[in-house]
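Undergrad:
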Ligand SMILES: Cc1cc2nc3c(=O)[nH]c(=O)nc-3n(C[C@H](O)[C@H](O)[C@H](O)COP(=O)(O)O)c2cc1C
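Structure (structure tokens):
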């Protein structure tokens, strides 16, 4: 059996989980390849029998580049076995409920899925965050076990066994398992429990490039690391195209702090309207055993959003 784990990761959580899954698969069924999503194409995938795809949750769903990858780079894979996994903060949202059907639509047989609470470095979110410290050794052990389970399940299905694939939770059940009613993301898109989205004006978010600080064309870090290829510096002022997923990685990694966002209004909004809900959701997740708190509740940085803790560059590309 030939297997591969494909991952998208900006801050390393999904990469760590993906590597542990790879180890689990190798232990169970022999060699397993691993690759970043950016480094693999449709042709490369044809030789695999089992394909795993993992990513962070963004705006309570899969990042746009991950959906694009499924739709454009996972062609002609009918009948092959697949699994998916994600890492996230407090809101796994609709990731599993959207990615599993998207893979099925391409004809893959989806044999399993799993999600992990992980650390969060979002500028307007508390630092330390409720789920910081994950993935830890226990999570990575779980990821390894999951890899073993996927490899074994794939083999048993190939040997003719049936009834090994769990049902996707649906409707209300899904909603209870992955709490968080429809939400509005930073680009103003509203998502609903069934996974559907309203597209509002993506360009409305206020951010700009300060050309006095920017070192283009000597530096192209933001362009090179934009998952949707949305940044166009060949025009003046530089353009953030409509397909921008509002991850703001460009703002977080710019060595000169040249991409400027006024975080205060959004952080004020968080303080005023949502932080109490986050405290409640974290409490419920911990009480139900879904979240093992590594940051004690009193240590969560409710009054210290990440953007106030460190000036850009706050993050480095992997
Ligand atoms: C743009 C953006 C949106 C995010 N949206 C969510 C979300 O809706 N729900 C959630 O639980 N976590 C959210 N997160 C947190 C990430 O899912 C989490 O930190 C993830 O583990 C990051 O994975 P990585 O380190 O592999 O990049 C978001 C992070 C970013 C950067």
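In my numbering, the protein residues as written are 389 to 706. Glycine is no exception: its CB is placed at the ideal position from the N, C-alpha and C atoms. In this text, all values refer to a predicted model and were calculated from it rather than measured experimentally.
#1: Closest to residue 412 by C-alpha separation, out of 701, 655 and 528, would be which residue?
#2: Note down, in chain order, each residue of its chain lying with its Cβ closer than 6 Å to the Cβ of residue 538, except the 5 sequence neighbours on either side.
#3: Ignore the nearest five residues each way along the sequence and tell me which others in residue 441's own chain have a CB closer than 6 Å to its CB.
#4: Can you grab the Cα-Cα spacing for the pair residue 592 / residue 534, in whole Å?
#5: State yes or no: is the C-beta of residue 437 within less than 9 Å of the C-beta of residue 507?
#6: For a quick check, are the C-beta atoms of residue 398 and residue 705 less than 9 Å apart?
#7: When DSSP labels each residue in this structure, what does residue 610 get in the three-state scheme?
#8: Check the Cβ-Cβ distances between residue 636 and every residue of chain B, and say whether any is below 9 Å.
#9: Cβ atoms of residue 405 and residue 531: under 9 Å apart, would you say?
#10: Just mark residue 599 as buried or exposed, buried being the case when its beta carbon has 16 or more other beta carbons within 10 Å.
#11: Tell me, to the nearest whole angstrom, how far the beta carbon of residue 474 is from that of residue 443; I am working on the premise that it is less than 8 Å.
#12: For the alpha helix (DSSP H) that residue 695 lies in, which residues bound it at each end?
#13: May I ask you to list the residues that DSSP assigns as paired with residue 500?
#14: Whole angstroms are fine: how far does the CA of residue 651 sit from the CA of residue 694?
#15: Could you tell me whether the region 503-520 touches the region 631-640, using the rule of 3 or more Cβ pairs below 8 Å?
#16: Is the beta carbon of residue 461 closer than 9 Å to that of residue 428?
#17: Buried or exposed: residue 664, going by 16 or more other Cβ atoms within 10 Å of its Cβ?
#18: Going along the chain, which residues of its own chain have a beta-carbon closer than 8 Å to the beta-carbon of residue 464, five neighbours each way excluded?
#19: Output yes or no for whether 9 Å exceeds the beta carbon distance between residue 612 and residue 452.
#20: Would residue 517 pass as a contact of residue 683 if the rule is Cβ separation under 9 Å?
#21: For the structure I just gave you, are there three or more beta carbon pairs, one from the region 547-557 and one from the region 483-499, closer than 8 Å?
#22: So the alpha helix (DSSP H) residue 396 belongs to, where does it begin and stop?
#23: Can residue 676 be considered in contact with ligand 1, in the sense that its beta carbon sits closer than 8 Å to one or more heavy atoms?
#24: Between the beta-carbon of residue 469 and the beta-carbon of residue 422, is there less than 9 Å?
#25: At what residue ranges does the region 415-466 contain a whole run of the alpha helix (DSSP H), taking only runs of 4 or more?
TA: On the basis of the supplied data:
#1: Closest option to residue 412, Cα to Cα, is 528.
#2: 471 and 500
#3: 394 and 472
#4: With a pLDDT of 48 at residue 592, under the threshold of 50, the modelled position of that residue is not reliable, and the figure given next carries that caveat. Each residue's alpha carbon lies about 41 Å from the other.
#5: no
#6: yes
#7: helix
#8: Judged by its chain identifiers, the structure shown contains no chain B, having just a single protein chain.
#9: A contact, by the Cβ cut-off of 9 Å.
#10: exposed
#11: 6 Å
#12: 694-697
#13: 471
#14: The straight-line gap from Cα to Cα measures roughly 10 Å.
#15: yes
#16: yes
#17: exposed
#18: 430 and 434
#19: The Cβ atoms of residue 612 and residue 452 lie no closer than 9 Å to each other.
#20: yes
#21: yes
#22: First-last for residue 396: undefined, no H or E at that position.
#23: no
#24: no
#25: Runs found: 430-433 and 452-461.
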